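If you read the sequence shown in the numbering used here, its first letter stands for residue 37, the second for the next number, and so on.
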Amino acid sequence: MPNGDETSVIRVLRQLKLTDWASLQIAGRASSAQNFLIMKPVLLILFGLILVFSLMTFPAQNHPTLVIRNVNLIDGTGKPLQANRAVTIQKGKIVSIALDSKAKPPAGAIVIDGTGKYLIPGLWDMHVHGTPLPGFSELYIANGVTGVRDMYWNPKEMDALRQNLKSGKRTGPRVIAAGRIVDGPKPFWPGSIAVSNAEEGRKAVHTVKSEGSDFVKVYSLLPREGYFAITQEAKKLKIPFAGHVPDSVRVYEASDAGQKSIEHLTGILLECSSKADELFQARVDAMKNNESLFRLWGTQSSIVIATFSEEKANALFKKFVQNNTWQCPTLVTMRNISHLDDETLKTDSRLAYVPIFIRAMWDPKTDRRFQSYTPERYEMMRKTTQKERSLIALMQKSDVKLLAGTDAINPYCYPGFSLHEELELFVQVGLTPMEALQTATRNPAQFLGLEKTLGTIEKGKIADMVLLDANPLADINNTKRIAAVIQGGKLFDRASLDALLESVKKSMGSFRSATPSEFFWAGCCPH
């Protein structure tokens, strides 16, 4: 973080009385603009601020047999809607799917009337942060999100969350987690593993795996030699790697190297430019000379848009298909960042589920780097974001595999709630409602190698489902109209979901200050 930003951070925190100023230290460094736009420097301390509250436990109704009668089934496979189905669940798994007229619920079964309702697979948010924070995992279940991929968190706290979920002390989704970010020699985020060369890159992979993380999260400032050493060592240890395409690496190189997913479309728009070679070289030169990549990105934006080549885009997307390189574009965060000058963001009713100090940090007026933004600057950001959105429909037509991810809890990205916005944005940019649904159901299961047990509603699979009051294929916004959530056969009815939401809302006013050690593990809102 540039020194000039420290005063604004401290001023806000002092006003909120969040910490002991004698012990608090603020650390961080600037990254490239392409990645920086999604990083709020003011939020560096957030993940170290542990909310203190008594969150009510809502044990889901866990019955040996559950039957949903006469429901409209959208199984997630891509098949058309199947009307009048009876879905029977025993011991957490789907044991039968039949026409309701032919179904015979077992004696003692709990029967749910699905008349006029729609059953879809449980949803996944494939790019989140801060799942262990009190209240946040609960918000996912309350919004029908039964699985998440957390892209950066303290491995010990993530392990504690998993244990609490298993024991029933917490309510929350299935969690796939990266653990610590692997970044360059001067990492942007506290708690990251610093890599300066190939040897350190190889060691980082071993560290990540030993800490129990599910994959390696690569980041923007990695040097070339470190990045490619990571890719090779990850393959040897059979652990996936995903994340940003570093500024020192071309997007097609990352795909060829086996990067499992690319987040936020990092580097893709530049790679689709007819001047990609010279634009990339300018970034490499800036890195060598310790120049601001953020400022360079600003000057390159209009050039990248003006020189877009659909031919280059199609060639790149063909490579993604060949290499099985997935894309998690996080459209909702990209939209929010480019509209931080919109005052209506501050009137969103969902702010009630966010602690007051986070709300303050989401305000661009607390960050000098956004304080200086002019209407023209925001307009250029919006043009760039709009151009990036146009790539999504091209990717879908090219059979590039897409994942729904929100980048919660970056500015105005709400755990659980914003996943529905991401699906809406996918439809707005050209996907069908079914295709959008699959980015949060079937596709995540395939990406994670869990397609035999999760992702679709089929006999023999784990019963992760969402019961809706209206048809999402008619209007994707109907995914918000949740009547019940079923996770592993456990039923959360509407009353339980409402009580869970109310408990989180009431608890959001309590918190305590971060200790120095907590602060440096914070890594708040990296993307």
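Beta carbons are placed, not taken as given, at the ideal position from N, Cα and C, and that holds for glycine. Bear in mind the structure is a predicted one, so any value in this text is a computation, not a measurement.
May I have a chain-ordered list of the beta strand (DSSP E) segments no shorter than 3 residues that lie completely inside the segment 106-150?
-> 118-126, 129-135, 146-149
Between the C-alpha atoms of I493 and D111, what's the straight-line distance to the nearest angstrom?
-> 5 Å
Helix, strand or coil for H163 per DSSP?
-> The answer is strand: DSSP assigns H163 an E or B state.
Where does the unbroken beta strand (DSSP E) through M501 begin, and where does it stop?
-> 501-504
Round the Cβ separation of V231 and G220 to the nearest angstrom and send it over; I've been treating them as touching at under 8 Å.
-> At roughly 6 Å, the Cβ-Cβ gap stays under 8 Å, so V231 and G220 are in contact.
Note the first and the last residue of the continuous beta strand (DSSP E) segment covering D378.
-> D378 -> no beta strand (DSSP E), and no H or E assigned at all.
How big is the Cα-Cα spacing for A63 and P226?
-> Any reading at A63 must be qualified, since the residue scores a pLDDT of 31, below 50, and its modelled position is unreliable; no value is offered.
Range covered by the alpha helix (DSSP H) that runs through P321 = The residue you asked about is not Pro; residue 321 is Asp in the sequence shown. In this chain, the alpha helix (DSSP H) harbouring D321 covers 312-324.
L430: first and last residue of the uninterrupted alpha helix (DSSP H) it sits in = 411-433
Helix, strand or coil at I445 [DSSP, three-state] | Collapsing the DSSP output to three states places I445 in coil.
Under the three-state reduction of DSSP, which class applies to A63: helix, strand or coil?
-> Low confidence applies here, because A63 scores a pLDDT of 31, under 50, leaving its location unreliable; read the following figure in that light. The three-state reading of DSSP puts A63 in coil, since its state is none of H, G, I, E or B.
Per DSSP, what kind of secondary structure is D384 in: helix, strand or coil?
-> coil
Going straight from the alpha carbon of A213 to that of L332, what length do you get?
-> 33 Å
Secondary structure of I185, DSSP reduced to three states = A small correction: the amino acid at residue 185 is Arg; Ile does not occupy that position in the sequence shown. Judged by DSSP in its simplified three-state form, R185 adopts strand.
Do you know offhand how far E235's Cα is from P447's?
-> Roughly 36 Å between the two C-alpha positions.
As assigned by DSSP and simplified to three states, the class of I493 = coil
Given a threshold of 16 other Cβ atoms within 10 Å of its Cβ, counted over all protein chains shown, does D443 qualify as buried or as exposed?
-> buried
Among L533, A139, S310, which residue has its Cα nearest to the Cα of I177?
-> L533
If you run the structure through DSSP and keep just helix, strand and coil, what is D250?
-> coil
Which whole-angstrom value describes the C-beta separation of D384 and Y414, a residue pair presumed to lie in contact below a C-beta threshold of 8 Å?
-> That pair is no contact at about 19 Å.
When DSSP labels each residue in this structure, what does G262 get in the three-state scheme?
-> helix
Indicate whether E457 and C364 have their beta-carbon atoms separated by less than 8 Å.
-> no
Quick one, are the C-beta atoms of L258 and V218 less than 8 Å apart?
-> yes
Since L461 is in the alpha helix (DSSP H), which residue starts that stretch and which ends it?
-> Start and end: 453-464.
In terms of alpha-carbon separation, which member of N507, Y389, E379, D313 lies closest to D399?
-> Taking D399 as reference, the option from N507, Y389, E379, D313 with the minimal CA-CA separation is E379.
Report the three-state DSSP secondary structure of A440 (helix, strand or coil).
-> coil
How many angstroms separate the CA atom of T477 from the CA atom of F528?
-> 19 Å
Rounded Cβ spacing between G466 and A481 (contact assumed at less than 8 Å) | Not really, about 23 Å apart at Cβ, beyond 8 Å.
According to DSSP, is R210 helix, strand or coil?
-> Note: R210 maps to strand in three-state DSSP.
So what does DSSP say about R404, is it helix, strand or coil?
-> Legend: pLDDT at R404 = 48, less than 50; position of this residue unreliable, value from coordinates given subsequently. In this structure, R404 counts as helix in the three-state DSSP scheme.
Sort out for me which residues DSSP pairs S297 with in a bridge.
-> W362
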